[in-house]
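Keeping their order, the protein sequence lines are chains A and B. If you're matching positions, the first sequence starts at 1 in this note's numbering and goes up one per residue. If you're matching positions, the second sequence starts at 1001 in this note's numbering and goes up one per residue. Positions of the beta carbon are idealized from the N, C-alpha and C atoms, including for glycine. Taking it in order: structure first as structure tokens, then the write-up.
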Amino acid sequence: MSLLKQTIESAGSSLERGEFSSKELTEAYLKQIRGLNGPLNAYLTVFEEDATQAAQRSDERRSRGESLGPLDGIPLAIKDNICVQGTRTTAGSKMLDNYVAVNDATVITKLKNVGAVILGKTNMDEFAMGSSTEHSAYGVTKNPHDLARVPGGSSGGSACAVAADLCVAALGSDTGGSIRQPASFCGLVGLKPTYGRVSRSGLIAMASSFDQIGPLAKTVKDAEILFNAIQGSDKLDQTTVEKRETRKEKRENLHGLRIGLPKQAWGDGMSDGVRTHVMEGVKILEALGAEIKEVDLPYADEALAVYYVLMPCEVSANLARFDGMRYGRREAGHSLQLTAYNLFDTYARSRGHGFGPEVRRRIMLGTYALSKGYYDAYYRQARKVRTLIRHAYEAVFREVDILVTPTAPSTAFKIGEKISDPLAMYLEDIFTVGVNVAGVPAISISCGLHEGLPVGMQIIGKIYDDASILNIANAFEKASR
Amino acid sequence: MLSKNDVRRLAELARLDLDEAEIDQRKKELERILGYVARLSKIDTKHTPETEVVSQEMNFREDQDLPCDEVERELILSNFPDRAGDALRVPAVFEKPKG
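Listed below in structure tokens is the structure:
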């Protein structure tokens, strides 16, 4: 039997039955990484030794009858903005080229506590800013479906690693679509949980009122297993809340489910291939018994503008910590008048040369929107429109149970196609950012191939109702197989 | 419309060392992005409050020293860009103020 092409579920039951050991499984994945990571560039760091040892410990536990559950012994990949103690954590930036994480992120502690094996850290757009991984300081990651195309971003390395079978499943982070869009481009399931469900302690912050960690997986069930392992309140992240939903029964049919198609999302802003396949996905949901209706989602068209004001403001504040003093890149600045290092020039050179162009662009945009004379017009106004968008989501969820849209306007685009036009790259997020602006959960699930490339369908749920969108996605996955 | 001096000033505020070519490039990009987000100014928000991001059930903790073990201490020290023993070495803080 093949040791690769495993899901968390299939590997878990094989481990349980003793068909292979976690060490054999982990070594098979490490071998695959050695063979394919060169051309794909999915991983920035691979933990050969640590992973093998973790797998061995898992096998020992299992032989004593002390297995820690469905993730014990399962090889996973982690996006490189999530800290794993004692290992290099770059966030895709030269600024952190030599940075060694001081602590485990809360999600890593949780995964280690249930026995997961961490294979390594995956490539990403620098500080999670981008939709293609082209903004990584360590080179672009390739889409396994077509090496001339991007895997999406910013969690492109994690998506590539799962799709190319360089791990069983992975963690990513999603600030404006960075889990869902790469899941869409690589034919995977990607979940952006409700804001507050998963602790961000140990996640290198990008925009704190939007950031959320979540799974990228081959199946909905796998995404659910990973989500259940990492979610929950945490004293180290004040925005996390106690789990308060009740577990709903698994649904095979969707009778009585009301699905809204927001008319603002179903306009002209998508390719024909995407429209056709997502509509076919909607028909499958309808055939399962759901009731489909067009709904109005006011201000949905403004979500991207709100996001591209508030996110850079938060970026400019969050990234102020990278000043070259306590850790990260320090490039000494000499001034002509002084023999000693000049403080201002040391800051400016460390940051100006340590950050890549997209990060510099967003820091400047945020600095502008927060500066005297512009704060009210940009930052304050965007926060007010954000309130209107949140209210619109609350209102539409009184009318329907879930919303369905495409995840991205097109299938995976070519490497280089959008890199020189920042605004075109930002428009990649048009269907995904509203979810982060409103704080609600959403999942992307593959709904077919257009000209050989995967198309993603996005299912958006009510706040804290992550379980429902997982259930519905699960029913869809079964029906579309 | 931004002037080149506005963009230079932003770079200075953000502590980013940019050359002249990049100042020009950033000016063009910022103008284009600001042109796009200007649509927000047309929305009536007279009676709308700003979003409160944190939920009411925010999870507070006591303000207290959290322990740092020897492993963490060593990792923190090993990340210093410049050190003298266990002390962090930094450029002189007091200098002639800029601009």
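Exclusion of the five residues before and after A/Y307 leaves G176, F210, D429, V433, N436, V437 as the residues of its chain whose Cβ lies within less than 8 Å of its Cβ. The C-beta of A/N103 comes closer than 8 Å to at least one C-beta of chain B. Contact between B/K1027 and B/K1004 holds: their C-beta atoms lie close to 6 Å from each other, under 8 Å.
Under the three-state reduction of DSSP, A/Y43 is assigned to strand.
Interface with chain B (8 Å Cβ-Cβ cutoff): A/I363 is included.
Under the 8 Å criterion on CB atoms, A/N342 is classed as interfacial with respect to chain B.
Of the residues assessed, B/V1071 falls on the exposed side of the cut-off, its CB having fewer than 16 other CB atoms within 10 angstroms.
Burial of A/M425 is indicated by the presence of at least 16 other C-beta atoms within 10 angstroms of its C-beta.
Contact of A/Q381 with chain B by beta-carbon distance below 7 Å involves L1040, S1041, T1045.
Cβ atoms of A/P144 and A/A163 come within 8 Å of each other, at about 5 Å. Judged by DSSP secondary structure, A/H135 falls outside any beta strand (DSSP E); it is assigned neither H nor E. Considered as a whole, the segment 288 to 328 of chain A harbours 303 to 318 as its complete alpha helix (DSSP H) runs of no fewer than 4 residues, in chain order.
Taken atom to atom, the span from the alpha-carbon of A/I82 to that of A/E242 is near 22 Å. Under the three-state reduction of DSSP output, A/S444 falls in the strand class. A residue is called buried when at least 16 other Cβ atoms come within 10 angstroms of its Cβ; A/K110 meets this threshold and is buried. Distance check between A/Y99 and each of A/H255, A/D80, A/A116 places A/D80 closest, using alpha-carbon atoms only. The beta carbons of A/Q181 and A/A408 sit about 5 Å from each other, so the pair counts as a contact at 8 Å.
At the C-beta level, A/F397 and A/K462 come within 8 Å of one another. The alpha-carbon of A/Q458 is positioned some 8 Å away from that of A/F431.
Scanning chain A for C-beta atoms nearer than 7 Å to the C-beta of B/S1003 yields nothing, as the closest lies near 12 Å away.
Contact annotation, B/L1040 with A/L365: C-beta distance approximately 14 Å; criterion of less than 8 Å not satisfied. Less than 8 Å separates the beta-carbon of A/A475 from that of A/L288. Listed along the chain, the chain A residues whose CB falls inside 9 Å of the CB of B/I1076 are V102, R326, Y327. With contacts defined by Cβ atoms closer than 8 Å, A/L188 and A/S446 form a contacting pair. Using a CB distance cut-off of 8 Å, B/E1031 does not count as an interface residue toward chain A. The C-beta distance from A/A91 to A/E134 rounds to 15 Å, too long to meet the 8 Å contact threshold.
One thing to note: A/F47 has its Cβ within 8 Å of the Cβ of A/T87.
Residue-level contact check: A/Q238 touches chain B, since one or more beta carbons of chain B fall below 8 Å from its beta carbon.
With a threshold of 16 other beta carbon atoms within 10 Å, B/Q1064 falls short and is exposed. Put simply, the backbone Cα of A/E394 is about 10 Å away from that of A/V440. Apart from the 5 residues on each side of it in sequence, A/D72 sits with its Cβ closer than 6 Å to the Cβ of S58, G115 in its chain, given in chain order. Here A/R258 really is in contact with A/D401; their C-beta atoms are around 5 Å apart, less than 8 Å.
Look at B/R1015 here: in three-state DSSP terms it is coil, with no helix or strand label. Spanning the alpha carbons of A/L343 and A/S316 requires a straight line of approximately 20 Å.
Under the Cβ criterion of 8 Å, B/E1050 is counted among the residues facing chain A. Using beta-carbon distances, A/E302 counts as an interface residue toward chain B, with a partner under 8 Å.
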